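Under this note's numbering, the residue at position 720 of the sequence shown is numbered 1508, and the numbers go up by one with no gaps. Just so it is clear, CB atoms sit at the ideal spot from N, CA and C, and this is done for glycine as well. As the structure is a computational prediction, the values presented were derived from the model and not from experiment. One structure below.
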Amino acid sequence: MASDQPRWWHPAIDASPDEALALEAAAGQQRRFAQLDTLAARLLTAALRGRPTVSVVRGIGPQAADSVAVVGLSAQEKAWCAQTFGVPEQQRRGAWYLPQKLSLKAGAVNLPYLVRERPAHALTLAADDSAGVSMVDGAADAVLLWSVLVPLFETLIEPIRVRAAGPTKTIDDQRQLWSGIEERYRQLGIAGDVLEDFRFGSEWHRLDRNGQQHARLRLLDALAAVDPLQLVTRHRVQQLQALMAGFAKKSKTGTALARRVVTRALQPVISGYFTGNWLALLDYLQAPPHPDEEVITALPEPRLYVGMSAQAAGMAAEAGIPEDEIHAMLAAFLGGPTSLSPVEERVAALREWWTAFDQAHAVQRPGMRPLWGLVDDGIMGFGADEHGFTHKLYGQVLPASVNEQVDRLWQSVTLQRHARSIVSNPHPHQLMAETLGSALEFWHGVALTIWFVCEGPYSRATLSGLADYYNRPLAALRDAGCPVPTSLFEELRTAERHLGPEEAIVRDYRELPVDTAVGSFSLIMSSSSGSRREGFERVRDIVTRHRRAWADQYLGTYLEQRWRTALEDVARAYHRHVAAKGRPPTLIQFAQFATAAANQWTGGDLGGLYTAIGEPAPAQQERPARLLPGDCYDFARRVYTALGGIAVDDELRMNQPEEAQRQWQLTSLAVESLRYVQLHEALGHPPTSKEFGSRRLALAWPERETEGWSLFQRTLAALTDTGPPPSEPAAGTAKAGPGLLGDTKHVLTKGANAPLRTESVEVRLITTGVPVDVSAVLLTSTGKVRSDHDLVFYNHPHHDGVRTSNDAVTADLTRVPDDVHTVAVIASIDLEAQPTAAFDQHTTWQAKVTQPTGGKLTFTPAPFSSGETATIAMEIYRHGSGWKVRAVGQGYDTGLAGLAADYGINVEP
């Protein structure tokens, strides 16, 4: 920073925390933090002594935000926190970088309490206390946690968290990790011996569960013995040292602009210690503001350009020009064929759709099919319609003109991660339903519920319980100013009392004549499924009357509230970005907060959304050629059939559960095929396995990446007539060729595989350090044994073509039964010979695979480091009509008994 006079904080950047605090005090800057330091120290003391410090309340519903509260604050402290950390207050001081939603690891603050009170489940419960918090409604406690408390507690409990997570990466990485932890503890003034049980190379892995719990408690007791105010102030100054360094780096020729200094990592520091106020930081650093610095204390009010066509006549009269010219100018401004904005088009379509939807429910009567499927809620399957559900029922019930309008207006979307293109939407009717939101969720849900209560076969809710069952959409409608009157539920409760008695619904009735020596009689056989109650039409009319009254009074208001809220949220996010970054968002940045609104109200066109909020678009999106067919459900069904999908009935589920599970996986793949083609459109090429995220799929083939993924791609290439994609070899897979093991030698890496000939194969383990037992486990396709006899070891040395001898497992692949899918080769330390031994850098093993026809495979894993005493070394498994071998190298610290239990073997004496 250009200055003839060094600032007080320059030497503090590289000083120890105590030295930096002394410099801060000498400059008279420490007093500004006194109240915060005192509060944080008090909360830390309470937490380390075993008191809960934060409460998390889960939001109800998939889109609902969680809430958090710091426990034990006095009324005075709550008022101070609201003024200091409240989101509106921080934004008025210029902290527009605060996110709208925040993922908060609140459980870190409660972990000391959980370790003391719930030791068996402490880490799990702490992980469950992560919260997704909305920052719109104040959320002062959330900002306090995010900026001050969570970073403090994460530093202090890091040894507990790291040991709970287990070892990661290499030994050098672990040494470096623990060296950093010890250095942070030293800087905080915490004696190094408190990490005696935790540090790398300690006896942690030899401690049993109780021993590890005692070690955690000793650590918490040691932390509680340190002066909490010193811990808090040292941690604070460390945070400020990072801020000083960032400021100095960007201010070599004078004070930098805030947006150049305040990186994402430093945002919590500014909010926590300077109340989000950049000028307060400059005062602390004794630096003048940049001449061009502008602290924005309020955002512009959103100004929306929707509904101007209705004002065309007035505008024409005022300007003294023909109304047609006004409409032409509006069309040019909006970039469309008419003066109607995309939002107005969709509002008109939603009104028309609602009328048809209302009429379909109003004429429903007993004997008709249920209207489950009238609204597309994302259910897609390829078996027979069950339980009253009909795929794409809207196509059969609603007028063709209504369906065509939905298909046209919601046929395209923008994918948030690929925002440069507008692509096909395989689910236009589902997106339309999401655009309608809570009103449709409630009124359609109620109409279906009264059908299933009255006409069967069963219902999840009773008529008297509808208000509770639909409390989430009802609350959303109240918040929108469009409440459903309570009189509806009062009438439904009365109507329920007048429904007829329950009558069993008979699905199958047979009368068989039987002749016997003593005479003849009839054997009547019947089966029923659920029940019904007389009185549907009376209840239907109650709901219809209330639905129409609600629509007459509120539907227009509700639809305007839907689009206005969505567009104003986008406009505010746009202005927040400008305030935080000093420049408008790029198209990609805009898409991060605007995609959902664009997909619902402008057909995925981000440019149309820019126009609606009155801002210029920085770039135009492309519209690639459509690859998805018009009927996407039919396309997914064809994918399902091409992948080997068949009809799944109750007989298949009962008699072949493994095949039924596989068919479910094929159904999921067929549904995912629609997203694959969407990505193909957006990318301009077939997506790779990584681009598509295939690893999260349950690919229904033994070799997921090598067989399933390539088959999936080829199937879609054929159905879309786009040509096959370039091949993608699976990572770590040895090159396949005729007779891979024939006269060849290969080294396998962890996870790699190679083909085998269908003959005898031997896996020999060469070990160093301690005695090792070699065994084998025969597994079905579910990964479990058929019986305890499927463990082949020294006391049961041969079974179904597999035998063990000393250091080797030999499997005659011609004799392995058909229901055995995998032979797992296990190495375990002989704990009777070496009770304290474990696999480590001194106790290692190597696997060698050979077959009679020649060739050799070798696999040498990296040394284990977490007390592993057993390992799955290799797996020999079926692949199509042949066999393969895979290098596994997965260690277990539970010994052979624990590993065997995981495979379903009874290990009790």
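Euclidean distance between Cα positions of residue i and residue j
i: A946; j: W992; result: The residue asked about is misnamed: residue 946 is Glu in this sequence, not Ala. Cα to Cα, E946 sits roughly 15 Å from W992.
i: G1677; j: Q1634; result: 10 Å
i: G882; j: L1031; result: 17 Å
i: D1131; j: Y1398; result: In the sequence as presented, Asp is not what sits at residue 1131; that position holds Val. So the two alpha carbons sit approximately 12 Å from each other.
i: D802; j: V903; result: 35 Å
i: Q1217; j: V1163; result: Note that residue 1217 is His in the sequence shown here, rather than Gln. Distance between the alpha carbons of H1217 and V1163: 7 Å.
i: V1580; j: R1603; result: 15 Å
i: M1220; j: V1194; result: 7 Å
i: R1333; j: W1239; result: 16 Å
i: L1692; j: D1437; result: Looking at the sequence provided, one finds Gly at residue 1692 rather than Leu. When rounded, the distance between both Cα atoms is 29 Å.
i: S918; j: D1256; result: 27 Å
i: T1237; j: A1249; result: 7 Å
i: T1646; j: A1542; result: 11 Å
i: L1028; j: P1076; result: 18 Å
i: R829; j: F1500; result: Checking the sequence, you will find Ala at residue 829 rather than Arg. Spanning the two alpha carbons is a distance of roughly 58 Å.
i: D1422; j: R1463; result: 15 Å
i: S843; j: G895; result: 9 Å
i: W1231; j: V1459; result: 28 Å
i: Y1665; j: G1539; result: 13 Å
i: N1387; j: S1200; result: 7 Å
i: V1562; j: E1479; result: 41 Å
i: V938; j: E1291; result: 59 Å
i: S804; j: R1352; result: 53 Å
i: A952; j: R1371; result: 44 Å
i: V1185; j: L1375; result: 40 Å
i: R1425; j: F1170; result: 6 Å
i: L832; j: I978; result: 15 Å
i: S990; j: L899; result: 23 Å
Delimiting residues of the beta strand (DSSP E) encompassing residue i
i: F1170; result: No beta strand (DSSP E) holds F1170; DSSP gives it neither H nor E.
i: A1249; result: Unbroken run through A1249: none, as it is neither H nor E.
i: A1564; result: V1560 to L1567
i: M923; result: Per DSSP, M923 belongs to no beta strand (DSSP E) and is neither H nor E.
i: P1543; result: N1541 to L1544
i: R1591; result: V1590 to S1593
i: F1647; result: K1644 to F1647
Outcome for residue i when other beta-carbon atoms lying within 10 angstroms are tallied against a minimum of 16
i: K1037; result: exposed
i: E1410; result: exposed
i: Q1341; result: exposed
i: L1687; result: buried
i: S1575; result: exposed
i: G1643; result: buried
i: P1303; result: According to the sequence shown, residue 1303 is Asp rather than Pro. Per the 10 Å Cβ criterion, exposed.
i: M1442; result: exposed
i: E1698; result: With the chain covering only 789 through 1697, there is no way to say anything about residue 1698.
i: A1413; result: exposed
i: M1156; result: exposed
i: G874; result: buried
i: Q1451; result: buried
i: V1151; result: exposed
Run of the alpha helix (DSSP H) containing residue i, from where it starts to where it stops
i: E1460; result: P1445 to L1471
i: V1020; result: P1016 to K1038
i: H1365; result: F1324 to K1369
i: F1480; result: S1477 to F1480
i: L809; result: P805 to A814
i: W1671; result: Taken as a continuous stretch (DSSP letters only), W1671 belongs to no alpha helix (DSSP H), being part of the beta strand (DSSP E) at G1670 to Y1680.
i: M1220; result: P1216 to L1224
i: Y1665; result: Here Y1665 belongs to no alpha helix (DSSP H); instead the beta strand (DSSP E) covers A1658 to H1667.
i: Q1408; result: Run containing Q1408: none; DSSP gives neither H nor E here.
Three Cβ pairs or more, each shorter than 8 Å: is that satisfied between the segment 1213-1227 and the segment 1138-1149? Short answer: they touch.
For the 8 Å Cβ check, are there 3 or more pairs between the segment 1078-1097 and the segment 1360-1374? Under the 8 Å Cβ criterion, the segment 1078-1097 counts as touching the segment 1360-1374, having at least three qualifying pairs.
Indicate whether the contact test is met: 3 or more Cβ pairs, each with one atom in the segment 1011-1019 and one in the segment 1055-1072, closer than 8 Å. Segments in contact, no.
Check whether the segment 1189-1208 touches the segment 1467-1477, counting contact only when three or more Cβ pairs, one atom from each stretch, lie closer than 8 Å. Touching, per the Cβ criterion.
Please go through the segment 846-930 and give each complete alpha helix (DSSP H) segment of 4 or more residues, from N-terminal end onward. The qualifying runs are 863-873, 875-880, 895-905 and 910-916.
Alpha helix (DSSP H) runs wholly inside the segment 1043-1110, at least 4 long, in chain order: Listed in chain order, the complete alpha helix (DSSP H) runs (minimum 4 residues) inside the segment 1043-1110 are 1046-1049, 1055-1062, 1066-1073 and 1100-1107.
Are there three or more Cβ pairs, one per stretch, closer than 8 Å when the segment 927-934 is compared with the segment 980-988? Cβ pair count under 8 Å is below three, so no.
Check whether the segment 860-874 and the segment 806-817 touch, using three or more Cβ-Cβ pairs below 8 Å as the test. Judged by Cβ distances under 8 Å, the segment 860-874 makes no contact with the segment 806-817, as fewer than three pairs qualify.
Three or more C-beta pairs closer than 8 Å, one from the segment 1005-1017 and one from the segment 969-985: is that the case here? They touch, by the three-pair rule.
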